[in-house]
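First the structure, in the form of structure tokens, and then the observations on it.
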């Protein structure tokens, strides 16, 4: 989810949308869903939730989550603590208040080892609307909170970081994007298009 792209999206984890994800990872998530159209597989995965959190994800997803967990666990003690979260946010250029970090940690019912990490993410994904998943991913780029993202910035991210999409792939992803005269994409409209709707639907 965070080294490459999350299977099923960059949903809020431990407190905020696409937490611990690089902006490029969030873009790759949305781009992947755009290429696939309606994400029936995302819905099916959510419906498969059982008491065994490992049954909620495919093996390749679990491997990706494991890699993300190891990246976040900066002191390599097998647990994610507040200092680990602070270091991760710092690496993303975000200063998070102590109370928010405490709130993230409080979401767990116990020490955050890998199983707890998966459980928290699984609870977020279960029953989640795919539109919300993509919308939260794109909001990583909406630093000013305008509800829009720069086409150029998104294209550069997709081609430069993470999985590194090829230009024809990016052009395919963006060809239906509602781009205004200033070169910005309206997030809500684009999310509806990606999920198989139209930008003028209610």
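Numbering (full-length UniProt numbering), first residue to last: 1 to 202. Each residue gets a CB set at the ideal place from its N, CA and C atoms; glycine is no exception.
Taking buried to mean at least 16 other C-beta atoms within 10 Å of its own C-beta, is residue i buried or exposed?
i	result
residue 58	exposed
residue 40	Residue placement at residue 40 is poorly supported in this model, since its pLDDT is 48, which falls under 50; the coordinates are not used for a value here.
residue 184	buried
residue 192	buried
residue 54	exposed
residue 64	buried
residue 146	exposed
residue 160	exposed
residue 106	exposed
residue 182	exposed
Could you please give me the residues that DSSP links to residue i through a beta bridge?
i	result
residue 186	148
residue 170	Bridge partners of residue 170: none, in fact.
residue 134	According to DSSP, which records beta bridges pairwise, residue 134 is partnered with nothing at all.
residue 179	185
residue 80	112
Is the Cβ-Cβ distance between residue i and residue j less than 8 Å?
i	j	result
residue 84	residue 96	no
residue 174	residue 151	yes
residue 148	residue 186	yes
Pick from the options: whose alpha carbon is nearest that of residue i?
i	options	result
residue 92	131, 166 and 140	140
residue 171	120, 54, 156 and 137	156
residue 135	100, 195, 66 and 67	195
residue 80	64, 63, 132 and 101	101
residue 74	103, 60, 113 and 63	113
residue 115	62, 182, 174 and 151	62
residue 66	107, 119, 174 and 146	119
residue 77	103, 98, 111 and 177	111
residue 204	98, 89, 87 and 82	Given that the chain is displayed from residue 1 to residue 202, the structure contains no residue 204 and the question cannot be resolved.
residue 69	86, 117, 103 and 94	117
residue 177	90, 190 and 168	190
Within 7 Å: the Cβ of residue i and any heavy atom of the ligand GDP?
i	result
residue 99	Absence of the ligand GDP from the depicted structure is noted, as is the absence of any ligand whatsoever, leaving it without description.
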